[in-house]
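In short: position in the sequence shown from 1, add 10, done, that's my numbering.
We put the beta carbon where it would ideally sit given N, CA and C, even for glycine.
Read through the structure below, which is laid out as structure tokens, and then see the notes.
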Amino acid sequence: MFSVKPIKPTFKCYLPPLQGEVKKTIDPPIKKLEPKLLPGEIVVNEANFVRKCISPESSQDDLWGKLICTNFKVSFIPQDSPTKQKSQLSHLLLGDHDVPLTCLEHVVTVNDTKGKKKVLGSNQKLKFNPTELILYCKDLRIIRFCFDEAGPESAKKVCLAIAHYSHPADLHLLFGFEYQGRRYHECKAETLNGSVPRGGLQTAIFDRPSDWDREIKRTGASEWRVCSINEFYCVSSSLPEFIVVPVSLADQDLKQYSIYFTDNRLPLWCWNHPNGSALLRTASVCDPVQQRKIEQRIITAITKSNLQCSEVFSSDLDKCLPNIQDIQSSFIKIRQICVIDPFEESEERWFSSMENSRWLEYVRAFLKHAAEMVYHLEGRNVSVILQEEDDRDLNCVVSSLVQLMLDPHYRSFFGFQSLVQKEWVMAGHRFLDRCNHLKKNDKEESPVFMLFLDCVWQMMNQYPAAFEFTETYLTVLSDSMWIPLFSTFLFSSSKQRAQYLMDFARNKAIPQGEDPVVYFPPVWNWSQQFSLKDQTLFNNPMYVGKGASCVLNGEVKCFKRTKKYGSILRGASVSLRNGLRGPTDGLTRRSSLGSELKPEFSVMKEVVESPSERFFRDWFSRPADQQGLLIPLLTPSHVTLWKLFFLRWVPEACIPMGGSITAYHKLSQLVDEIEMLRDHLRQYKAPTPGGTPHPSSRGPPAAQRRMYFKAASPTDSPPEFLSSTFPFTPVGNLCRRSIHGTPISKFLNGARIWLSTETLANDSF
């Protein structure tokens, strides 16, 4: 007889069947931590058993998972995902723990046991095994990873990969070129079959004469015309192909005059006032001998376009506003205060540190100068020329702010986007250099566009019913600068954009003549990043304007200025006017920009009152028209820190169930309830005598209502948790080292000095 060999016992046989199945499913958890990749995205390197630090003092809340570097982003995939806040912005391209490579400013590796640290660049060697990786991001996040359990070689490789791929050698190497090429061909069938022109955009791009013609017609600029002398960029490499010029100037004269301006940048028409005055911007005349002659000819042509006034006011912004280096230095200081320094160490010197950073001082200076230009356009009826040496930085800020103050169209959602497209993108702001996407020249980097967004927020904060969009929209727009998938913020001029996209189309076999907006869209197509539900976070429930829900019987109901503003204005001292102290004020800091600017916004009637002071006093004495001229208040109590942007990642600054989100939540519900009631009323037509109402099908469905927070109903429960950082979450996005560890403040406090070769030589090897 054959003997049956006994089966050896296994670990599984000692378990109940159900537990055995569970063990089978959870046995290899790390293998299932796979990233969500976009078309054309590939994994370059990765490391398992990495710890993402949440708290600087304790590790019990830290997340364990896999750290991955792709050709687009740094991605961390937690093994056990924390419960996600119910009301939170969900990005379609990025996960909760993802950072685009172009958003990285410094990649810092640390070895605590050996006391070594190094800021990694492209193609650099790392002669120690890192125990920590600290990512300093341009959106003010500081993210820290620890390699306690990860293998030393895999930790070193993933750090080097992140540093290398965050320093692309050429613009073509940015992931956006690969992604949009794949995306175009995958969606080609949908694009060809009845697609909406220009990808469904309602934002004017200003890359064709028709966009400029519509703007001329909208503003009533009958004495101006679209000129094509720069077609194919044959006159200036930094101007758009189509510009608006006075009717009285011939193309031949313009070509002759262009050689005397910096980079051949002729004066650009920006906007026309209903009274006939025009706003223009120009570069400096580079030939001192011909300067007076050329300027006089240009001014003569401008005066012919304004039949009501023959005077032109010129303002040299280089002489009265901070330069790009000042703005960059100030931003580094305010980032140090808000993000780098621990609150418990900076609390006592918070206000003095904020003042010393000069950021809010610069914000006031730009707002004040823009308001002064408004006085000349509105109060004096004269045309204004903004002059800057190269016409590509300060002019962008001031010209945009002037138009925001004067024209309610630019305070609407699509109007604001058209304004940015016209005054920044097409006018040749150096986004590639100022954002430093290639990390090649730190001296050219400067947050000029960020300063502009802060100025816009200051006006929104003072006149919340005048803007159709929210501060969430402004914050998301600033974040979009660091996502290299859109054409808006990647280039420094229209010519550069055209050249790169032409090469891109040729390399990706895109048919000649295809609209670049279709195959490499701008950021204004928000459906690329957010769902329709999340895009409703951009809608301001308080907006009073065309299409707003608070338009009653066809009339816009204007909000009156509150007593709070009036009392503050009446109580302002003579020496402190709109936040700028007079020369007799003993508290004025030496060489302060505020003390150098002449205070003109007095609301107190003095014995000798200038015309500008009288203009502003008269305006502030009237109720504010949210759909008319808006002039910002410039006292320190009104120009404040933009908390959602500067403090959204700081856990200590987070206010549970507080902040502006509480008002936004209730107002959104109220507006949504009003819209619901109107929809119900529209369901019935007016009853006839002796008859009954007839139902009507008008009114949008609930899913298409424009508020993020819907009116309470049995099916809609209120959010479980809201905080002042909504819709962003600070968890894991800001981790300061403890005071006993590596002093993080050294990396960004005077970073340009600390990152010298001598320091790196001493610290890195």
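Residues near residue i in its chain [Cβ-Cβ closer than 8 Å; skip 5 each side]
i	result
R224	A214
D71	I64, S65
T672	L732
L103	L48, I493, L495, Q538, Q539
L114	V84, L145, Y146, C147, K148, I172, S176
K608	Reliability of the predicted coordinates at K608 is poor, the pLDDT of 42 falling under 50, and the value obtained from them is presented with this limitation in mind. Nothing listed; no residue qualifies.
Boundaries of the alpha helix (DSSP H) in which residue i is found, first to last residue
i	result
Q472	458 to 472
K432	Run containing K432: none; DSSP gives neither H nor E here.
S490	481 to 490
F514	504 to 517
K449	That residue, K449, is in no alpha helix (DSSP H); it is neither H nor E in DSSP.
K42	Segment: none, K42 is in no alpha helix (DSSP H) and carries neither H nor E.
F376	369 to 384
L264	261 to 268
H419	Here H419 belongs to no alpha helix (DSSP H), and DSSP marks it neither H nor E.
Y529	526 to 529
T112	Here T112 belongs to no alpha helix (DSSP H), and DSSP marks it neither H nor E.
Span of the beta strand (DSSP E), counted from its first residue to its last, around residue i
i	result
P621	Element bounds for P621: not the beta strand (DSSP E) but the alpha helix (DSSP H), 621 to 631.
W534	Premise fails: W534 is in no beta strand (DSSP E) and is neither H nor E.
Y146	142 to 147
K62	53 to 62
A288	288 to 293
R154	152 to 156
S393	393 to 398
V322	322 to 326
Close Cβ partners of residue i (< 6 Å) along its chain, the five nearest in sequence each way excluded
i	result
N405	R291, L396, E398
D108	K83, S85
E188	G50
Under 8 Å between C-beta atoms of residue i and residue j
i	j	result
M686	A722	no
V120	E142	yes
Q212	A173	no
H379	V408	yes
L278	A437	yes
Y267	I304	yes
W234	V257	yes
L639	L377	no
V466	L484	yes
S428	G555	no
Q413	Y420	yes
L77	V53	no
V533	T480	no
V118	K127	yes
L387	S287	yes
Helix, strand or coil at residue i [DSSP, three-state]
i	result
H107	coil
S363	helix
A721	coil
V236	strand
I253	strand
W652	coil
K83	strand
S733	strand
T123	coil
C348	helix
W281	strand
S220	helix
G425	helix
C197	coil
L77	strand
P777	Nothing about residue 777 can be reported from this structure: the residues present for the chain run from 11 to 775 only.
K167	helix
Same chain, Cβ closer than 7 Å to residue i, five either side skipped, listed in chain order
i	result
Y529	Q190, Y194, A515, I520
P740	R658, W659, V660, P661, C664
V780	Lying before the first or after the last residue shown, residue 780 is absent from the chain, which here runs from 11 to 775.
P162	N139
Q472	P642, L643, H648
K46	G105
P284	G230
Chain C contact for residue i (CB, 8 Å cutoff)
i	result
F719	Here chain C cannot be found, since the structure has a single protein chain.
Supposed close pair residue i, residue j - CB separation, criterion 8 Å
i	j	result
F719	H675	5 Å
T112	H447	5 Å
M383	T546	Actually they do not touch by this definition, with Cβ atoms about 35 Å apart.
G742	K62	6 Å
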